[in-house]
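Let me begin by presenting the structure, written as structure tokens, before commenting on it.
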Amino acid sequence: YYDMEEKIDYVFKVIVIGDSAVGKTQILSRFSKNEFCFDSKSTIGVEFQTRTVIINGKVIKAQIWDTAGQERAVTSAYYRGALGAMLVYDITKRQSFDHVAKWVEELRSHSDNTIVIMLVGNKGDLVDLRVVPTEDAIEFADEQGLFFYETSALTGENVETAFIKLFEEINRVVC
Ligand code: GDP
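Number 87 in UniProt numbering belongs to position 74 of the sequence shown; there are no gaps in the numbering.
Here's what the structure looks like:
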């Protein structure tokens with residue numbers, strides 16, 4: 014046994030963005046604590062969670078920031094130093110997908126141009142309510158050079174996979 018905290022090679026700041034109610038907080042909670050909370054909503058103001066993972070033999074401390082209900086007031090401090098972003102929409106809310114382009118613009122104007130962006134279509138468990146076809150998201154992601162996964166914070170599907178992929182890409186870019 015050894016304490017990973019003592020052997021951190023890199024700290025990665027990652028931000029979670031996207032429209033309100035798409036599941037950003039739940040995705041983060043799933044990844045950092047393996048929890049889904051049915052009646053969250055919560056804390057006001059920016060917050061972050063951390064989780065330490067091993068990527069390519071390096072101990073990486075991921076510091077993942079959540080807008081915590083302040084989507085309309087995200088400031089440059091939120092973007093500063095971010096190496097990666099999870100850009101989340103809700104597969105059952107067309108509007109949240111239509112806004113993704115605006116979020117990409119916002120991201121690109123506020124952060125380093127090497128930032129790695131993972132587009133995430135969340136609430137994949139709500140199959141009967143889907144209104145955003147997977148192909149539309151794949152097409153957009155290809156055009157914009159984003160990575161893409163569909164997830165469910167509720168079941169946990171692909172949440173870990175999407176984060177790990179993001180960290181691997183950040184690791185390739187910056188390390
Ligand atoms: P945020 O405003 O983007 O942080 O969204 P929240 O994480 O607060 O989630 C908004 C609502 O969607 C809450 O009622 C969650 O319980 C629900 N939710 C979040 N993720 C999922 C999911 O993957 N599946 C389902 N069915 N509901 C989800």
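Beta carbons are placed, not taken as given, at the ideal position from N, Cα and C, and that holds for glycine.
These numbers come from a predicted model, not from an experiment.
In its chain, beyond the 5 residues on either side, V101, Y102, D103, K106, S109, N135 and K136 have a beta carbon closer than 8 Å to the beta carbon of V35. Here the alpha carbon of T88 sits roughly 12 Å from the alpha carbon of I30. Going by DSSP, A98 is part of no alpha helix (DSSP H) but of the beta strand (DSSP E) stretching over G97 to D103.
Taking all protein chains in view, the Cβ of I67 is surrounded by fewer than 16 other Cβ atoms within 10 Å, so the residue is classified as exposed.
If you compare the alpha carbons of T168, V144 and A86 with that of Q39, the shortest gap goes to T168. In this structure, G94 is the residue among G94, T65, K37 and L142 with its C-alpha nearest to the C-alpha of S124. Beyond the five residues adjoining it in sequence on each side, F44 comes within less than 6 Å, by CB distance, of V172 and F176 in the same chain, given in chain order.
Around the CB of D155, fewer than 16 other CB atoms lie within 10 Å, so the residue is classed as exposed.
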